[in-house]
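Residue numbering for the sequence shown follows our numbering, starting at 255 and increasing by one per position.
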Amino acid sequence: MTAVAIEPLRQYFLGLQDRICEVVALADGQPFVEDAWVKPDDSPLRGDGRSRLVEGGGLLERGGVGFSHVRGDHLPPSATAARPQLAGRGFEAIGVSLVFHPVNPYVPTVHMNVRSFVAKAVKPGDEDIWWFGGGMDLTPYYGFEDDAVHFHETCRQALAPFGDHYYPKFKTWCDEYFFLKHRQEARGIGGVFFDDFSELGFEKSFAMTQAVGDAFVSAYMPIVERRRGLPFTNRERDFQAYRRGRYVEFNLVYDRGTHFGLQSGGRAESILMSMPPKVTWRYNWQPEPGSAEAKLYELIKPRDWLGVGRQAA
255 MTAVAIEPLR QYFLGLQDRI CEVVALADGQ PFVEDAWVKP DDSPLRGDGR
305 SRLVEGGGLL ERGGVGFSHV RGDHLPPSAT AARPQLAGRG FEAIGVSLVF
355 HPVNPYVPTV HMNVRSFVAK AVKPGDEDIW WFGGGMDLTP YYGFEDDAVH
405 FHETCRQALA PFGDHYYPKF KTWCDEYFFL KHRQEARGIG GVFFDDFSEL
455 GFEKSFAMTQ AVGDAFVSAY MPIVERRRGL PFTNRERDFQ AYRRGRYVEF
505 NLVYDRGTHF GLQSGGRAES ILMSMPPKVT WRYNWQPEPG SAEAKLYELI
555 KPRDWLGVGR QAA
């Protein structure tokens, strides 16, 4: 393969955004507001996208689902740090990214991203270099073990047709990636994460990425329906706001997608719509021992939720 066919990628990701927004809008009770945008041809980052947002709804305090299809003449440092041989290549990136921050503290925050990336050939005889990436992860505030098992089992089932080793591999990768090193603390209970993926060949690698994206609704919405009616007080909302601070810290300090978007001249409003609307930080705060809040810190320690072990690549 010398040149990647872009249109099938674009149509899949556009359709995925549509399908997820339709399901979640019905659950929330109000439609997403769409902000379609275009980056002009004379800007460093060209392309277009659709940012969809819902705020203050029956389910979500803020929910964002973004589609973007962007092109640039030079890869930013975040994309070439692990692949310095690609420096100087133009690129094309297409994907869908979402973050949902629910109102009810018993409903976890969730993140999902699936994307394709093409580093363009620079001279005759060169080939495009392509890869896929993505995954999903769950960030509870008051966690339930059966929710975590359901989320991980759905991820495992999505990956199973492509090889039994991919779930444990990508689960471990997720645990290691969504980890706040400066606090020595996991962001949530994980899920699956993969990047720079091309080992199955283009068609099967794309199919695996689609399987992960298509599994999102089945992974998350049953948890939503189980927990959204649970009563809560200001205490739970206060702890939710405090833990959301960890989410902000990770996105700004470590997240490769956020760094790529900002370094490449991406649209800041779309990149940062994943941030929660209400967040609290406290100095040197610790939960009361034995409290429901303290139990979260045990729940988010990485563990083998499905008994499948930590297998190597």
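Glycine is no exception: its CB is placed at the ideal position from the N, C-alpha and C atoms.
So what does DSSP say about residue i, is it helix, strand or coil?
i: Gly499; result: helix
i: His365; result: strand
i: Lys458; result: helix
i: Arg564; result: The pLDDT assigned to Arg564 is 42, lower than 50, so where the model puts this residue is not dependable; a value taken from the coordinates is nonetheless given after this. Arg564 falls in the coil class under three-state DSSP.
i: Ser524; result: helix
i: His513; result: helix
i: Leu307; result: strand
i: Val507; result: helix
i: Pro359; result: coil
i: Gly301; result: strand
i: Val277; result: helix
i: Asp272; result: helix
i: Asp289; result: strand
i: Ala347; result: strand
i: Ala259; result: coil
i: Glu542; result: coil
i: Asp282; result: helix
i: Leu352; result: strand
How far does the alpha helix (DSSP H) with residue i in it extend, from its first residue to its last?
i: Leu406; result: A small correction: the amino acid at residue 406 is His; Leu does not occupy that position in the sequence shown. First-last of the alpha helix (DSSP H) with His406: 399–413.
Buried or exposed for residue i, going by 16 or more other Cβ atoms inside 10 Å?
i: Thr393; result: buried
i: Tyr537; result: exposed
i: Arg437; result: exposed
i: Thr487; result: exposed
i: Leu314; result: buried
i: Gly511; result: buried
i: Met255; result: Any reading at Met255 must be qualified, since the residue scores a pLDDT of 48, below 50, and its modelled position is unreliable; no value is offered.
i: His355; result: buried
i: Leu413; result: buried
i: Glu457; result: exposed
i: Gly312; result: exposed
i: Asp401; result: buried
i: Lys435; result: exposed
i: Tyr266; result: buried
Over the uninterrupted beta strand (DSSP E) stretch that includes residue i, give me the two end residues.
i: Gly417; result: Gly417 -> no beta strand (DSSP E), and no H or E assigned at all.
i: Thr534; result: Counting along the chain, Thr534 falls outside any beta strand (DSSP E), and DSSP gives it neither H nor E.
i: Ile207; result: Residue 207 falls outside the range modelled here, since the chain spans only 255 to 567, and no answer is possible.
i: Leu314; result: 314–326
Contact between the region 358–370 and the region 481–494 (3+ Cβ pairs under 8 Å): yes
Inter-stretch contact (C-beta, 8 Å, three-pair minimum) for the region 400–414 and the region 432–446: yes
Within the region 423–495, ranges of the alpha helix (DSSP H) (whole runs, at least 4 residues): 456–468, 470–481
At least 3 beta-carbon pairs within less than 8 Å: the region 468–480 vs the region 382–402: yes
At least 3 beta-carbon pairs within less than 8 Å: the region 320–330 vs the region 446–464: no
contact_flag[the region 297–317, the region 275–288] where n(CB pairs < 8 Å) is 3 or more: yes
Three-pair Cβ contact test at 8 Å for the region 291–301 versus the region 517–534: yes
Meets three-Cβ-pair contact criterion under 8 Å: the region 415–423 and the region 447–467: yes
Sufficient close CB pairs (3 or more, under 8 Å) joining the region 496–508 to the region 534–551: yes
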